[in-house]
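Report on the following structure.
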Amino acid sequence: MCNVQLEVNALNSNKIAQYLMAKNQMTSPSNGPADPLINASLASPSIHRQKVRWGECFIQFGLAICALISLATTAIIIFILGKESFGFFKSVSPAEFFLGSQWTPLFEPAAYGVLPLVWGTFLITFGAALIAIPLGLASAIYLSEYASRRTRSVLKPCLELLAGIPTVVYGYLALTFVTPLLRSIFPDLQVFNALSGAIVVGIMILPMIATLSDNALKAVPDILRHGAYALGATSFEVTTKVVVPAGLSGVIAAFLLAISRAIGETMAVTLAAGATPNLSLSFLESIQTMTAYIVQVSLGDTPAGGIAYQTLFAVAALLFLITLALNLLSQWILNHYREAYDQD
Amino acid sequence: MNTSETNFTDMPNCSNKGFPPQVNPSAPMPNITHCDTQAVGNEKTDGDAQTTGKPEATEQQPLLQLKQVSIFYDNNAAVRKTSFPIPKHKITAIIGPSGCGKSTLLRAINRMNDFIPNVRLTGKILYNNQDLYSKNVDPVAVRRRIGMVFQKPNPFPKSIYKNIAWGPGINGYQGSMPELVEQSLKQAALWNEVKNRLHDSALSLSGGQQQRLCIARTLAMQPDILLMDEPCSALDPISTAHIEDLLFKLKSNYTIVIVTHSMQQAARISDYTAFMETGHLIEYGDTDQVFTLPKQKRTEEYVTGRFG
C-alpha cells in the first residue's frame, strides 16, 4: 500500500518535473522569441497526422497487458475457488458448513462446521484491532501533530522497520517470549493460545495503521489547522476536532486495511495460537484460524481431489468473501462519512 | 526572547469557563480583560452589555502598540524594528510589496508565527499595555481575543452552522448557540444567503461566501481585534465589495488590521496606513495623508504604482 502510494507520488513528481522542464524551455529568457533561429525551428509546418507513432502504441499495449495480468489472476483465483467450493458443497450441505459447530474434516467422524475457524479468526482479529487501533491512531496523531521534524524523522522509519519483520518471526516471538510472559499473569494459559496470537498480530499491524493514518492526517491542509488555532483552540482540540475528522476517511481506510491483514495473517497465528478448532470464548485456549487450517492441510498428506482437500477451497473462498466484504465496507464508509476538505 | 513554541504548550490554559472571556476574572491577562467591554459589549451579545460609556477615553491609548518589533526566520530578519500604533475601532492597513514582512508582522499579533519553527521575535507588541510575548501570556488566550481571517478561505469541512459554533463551542460558550450563529452570520452579511441551508457543508458555498463565513466564524468568538491577511485576494470584485462593506460596518465594534496588496482597497477602507518595504516600516500615517501627501519618496512611488 505504502509502496504503491510512493510510486504514484514518484510518477506525479516525474510529471511535474517534465512539465516544469517544458515550461522552462518555453519561458527561458536566454532564447526568447527575439531569436529568429529558434523561431524558425519552432514553426511547425502542419498539424495533420503524418505518421503512426509505433513506440507509443507499443508502450500502451504493454502497459495494458501488465494491468490485465492482475485482473486475470483475480479471475482465475475466483474461478478455481468457486469450482472447488462447488464440488465441496455437493457433498456437504451449506447449512452444515455455516452453522455446524464442529470442524473435524480430517478425522472420523468428519464434521464440517466452519464456525470454530471463523470464530478463531475473529478472536485474533478483534484482539489485534483492540491493541493496534488505539495505539496506531495515537502514534499517528503524535507523529503528525506533535512530533518535531527531527523526532518524526527518527520515529517513522522505526515504525516502518517494524512492518518489515517477517511474520514468522512474530510467531516465534509469541511462542517463546509473549506466552511465557503472559503465563506469569495467567498461570493456566495454554502453550498455544489466542491471546499471544492476538497480541503479536496487533503489534504487526500497528505500523500499518500508524503510518497510513499519519499520511492521512499529514494530508489535511495546514490552513485548516491555522483556522482552528486562530479561534483559540489548543493543539488537542485542533487535532481531535478538526484534523482527525478531516482525515477520517484515510484513517478508517488504514484501520480496515490493517484488519484485512490481520484476518489474512497466517504464519504468526499458526505458531502462536495453535491448531485446535475451538468455539471457546476464552483468549487463553488454543484456537485455529481459517488461514492456520489452510496451512495445516497444505502441509499434510491430504490427497488431492478428496473432500478434505476440497475443504481448503471452501474455507479459502469464505476468507476471500470476508475480506472482500470488508473492503467494500471500507469503500462505503469512505464515501459516506468523510469530511472532504478538498473543495472540488 | 521567548520563542513561541515553548510558551504555547507550557502556559496554563486560560480556562474555558468564562465565555465571553471579558467576564472571566481568572483569565491570565486581567488588565487586558476589562477595558474593552464598554465599547464592544453593547452590540455583540446581551451577555456582556456593560455599557459604561466614555469610549473616547480609550481613543488616546491605542489598543495595540508595536514597539521595535523585529521578526527573524532563523537569522534572517523579515521585519526590522517596526513601531506603530493600532488605534481602537479603526481600520489599519498594512501595505507593501510581496515579501516585505507585512503578513509576518500581522501573524505576530496573534501569535500565529508560533507554528513556524525557528521564528524569533524581539521588541514588544503591547495589547492594552501588556506585552503579548511576555512569558505569562497564554497564546491560546491571545488568539481568542485577537481573531484572524486568512488569505484563502479555510472553512472547516463541516456544516455552515458547525463552522460558526465551533470556536464558541470549544471555549465553553454558555448562551444560546443558534442565536450566536444567527447573529454572527448577520454581522458578516451572510445570513440571508445561508439561513435556509445552515446544515449544508460549508464547502458548498462560493469563495466569497466562504470568506464571509470565516469572518463570521471569527466574529462569533467576539474578539477585540480582527486581523485580516489579504482577505480578498482570492475573491472576485463583487465578493470583495461585499467584504469591504462589511469591514466598514464592523469598524464601529472591532479594531481591524488588514494586510492588502490592493492599494485601492487600503485607500477605500482604512483609517491608517502603514507602508512597509523589505522589513522596514517606511511610513505610517493617516490613510488620506499617506495616499495624497506621502512624506517618503518610496511611499509615493509605491502608492502611485511606480513599483511593487
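Protein chains in written order, with the working numbering: chain A, 2 to 345; chain B, 46 to 353.
Every residue, glycine too, gets a C-beta built ideally from N, C-alpha and C.
Euclidean distance between Cα positions of residue i and residue j
| i | j | result |
| --- | --- | --- |
| Y45(B) | C259(B) | A query on residue 45(B) cannot be resolved here, the shown segment of chain B reaching from 46 to 353 and no further. |
| A220(A) | A139(A) | 17 angstroms |
| F293(B) | V302(B) | 12 angstroms |
| K169(B) | R313(B) | 30 angstroms |
| I140(B) | L232(A) | 25 angstroms |
| T349(B) | N237(B) | 39 angstroms |
| V187(B) | L177(B) | 8 angstroms |
| Q175(B) | H134(B) | 19 angstroms |
| T305(B) | L163(A) | 50 angstroms |
| T90(B) | I270(B) | Bear in mind that the predicted position of T90(B) carries a pLDDT of just 39, short of 50, making it unreliable; the figure below should be weighed with that in mind. When rounded, the distance between both Cα atoms is 16 angstroms. |
| I132(A) | G248(A) | 21 angstroms |
| A148(A) | L272(A) | 36 angstroms |
| W333(A) | S250(A) | 10 angstroms |
| F178(A) | P188(A) | 15 angstroms |
| Y172(B) | P213(B) | 22 angstroms |
| S204(B) | L225(B) | 15 angstroms |
| L207(A) | V298(A) | 30 angstroms |
As assigned by DSSP and simplified to three states, the class of residue i
| i | result |
| --- | --- |
| R50(A) | coil |
| P73(B) | Residue placement at P73(B) is flagged as unreliable, the pLDDT there being 41, under the threshold of 50; the coordinate-derived value follows with that caveat. It is coil, neither helix nor strand. |
| T127(B) | strand |
| G101(A) | coil |
| L355(B) | Any property of residue 355(B) remains undetermined from this structure, which presents chain B solely from 46 to 353. |
| I205(B) | helix |
| S236(A) | helix |
| M222(B) | helix |
| E88(B) | Residue placement at E88(B) is flagged as unreliable, the pLDDT there being 38, under the threshold of 50; a coordinate-derived value is accordingly withheld. |
| L166(B) | strand |
| S331(A) | helix |
Which listed residue (the options) has its alpha carbon closest to that of residue i
| i | options | result |
| --- | --- | --- |
| V185(B) | A229(A), L144(A), S197(A), F87(A) | A229(A) |
| I327(B) | I314(B), P162(B), T337(B), R343(B) | R343(B) |
| K240(B) | V194(B), I209(B), I314(B) | I209(B) |
| M157(B) | R242(B), L225(B), L272(B) | L272(B) |
| P276(B) | Q196(B), G253(B), G217(B), T263(B) | Q196(B) |
| S86(A) | L335(A), L320(A), H49(A), Q332(A) | L320(A) |
| A234(B) | N155(B), I131(B), V194(B), E289(B) | E289(B) |
| G325(A) | L285(A), I264(A), S299(A), A217(A) | According to the sequence provided, residue 325(A) is Leu. The question's Gly does not apply to it. Taking only the C-alpha atoms, the option nearest L325(A) is I264(A). |
| L335(A) | A234(A), A293(A), R262(A), A217(A) | A217(A) |
| V252(A) | A141(A), G88(A), T152(A) | A141(A) |
| E286(A) | L225(A), F256(A), H337(A), T180(A) | T180(A) |
| L230(B) | L264(B), Q219(B), C145(B), G217(B) | L264(B) |
| W55(A) | G63(A), I48(A), H49(A) | G63(A) |
| A317(A) | I295(A), F90(A), Q61(A), G307(A) | I295(A) |
| S154(A) | M268(A), T290(A), D215(A) | D215(A) |
| R151(A) | P162(B), S221(B), K207(B), V182(B) | P162(B) |
| G83(A) | N328(A), S261(A), T312(A) | T312(A) |
Boundaries of the alpha helix (DSSP H) in which residue i is found, first to last residue
| i | result |
| --- | --- |
| D215(A) | 195 to 219 |
| A153(B) | 147 to 154 |
| V1(A) | Here chain A has residues from 2 to 345 only, and residue 1(A) is not among them. |
| H134(B) | Premise fails: H134(B) is in no alpha helix (DSSP H) and is neither H nor E. |
| L225(A) | 223 to 230 |
| P106(A) | Element bounds for P106(A): n/a, residue is neither H nor E. |
| C259(B) | 252 to 264 |
| N216(B) | Element bounds for N216(B): n/a, residue is neither H nor E. |
| K294(B) | 282 to 295 |
Bridge partner(s) assigned by DSSP for residue i
| i | result |
| --- | --- |
| N121(B) | Y118(B) |
| A138(B) | I303(B), T318(B) |
| Q110(B) | P130(B), L171(B) |
| G192(B) | L271(B) |
| D176(B) | L171(B) |
| S283(A) | BP columns for S283(A) are empty, so no partner. |
| S154(A) | Partner(s): none; S154(A) has no beta bridge. |
| Y113(A) | W104(A) |
Residue range of the unbroken beta strand (DSSP E) whose run includes residue i
| i | result |
| --- | --- |
| F160(B) | That residue, F160(B), is in no beta strand (DSSP E); it is neither H nor E in DSSP. |
| G165(A) | Segment: none, G165(A) is in no beta strand (DSSP E) and carries neither H nor E. |
| D331(B) | 325 to 331 |
| E85(A) | First-last for E85(A): 55 to 92, but that is the alpha helix (DSSP H), not the beta strand (DSSP E). |
| A319(B) | 317 to 322 |
Cross-chain neighbours of residue i in chain C, by beta carbon under 8 angstroms
| i | result |
| --- | --- |
| L225(A) | Included in the structure are the protein chains A and B, with no chain C among them. |
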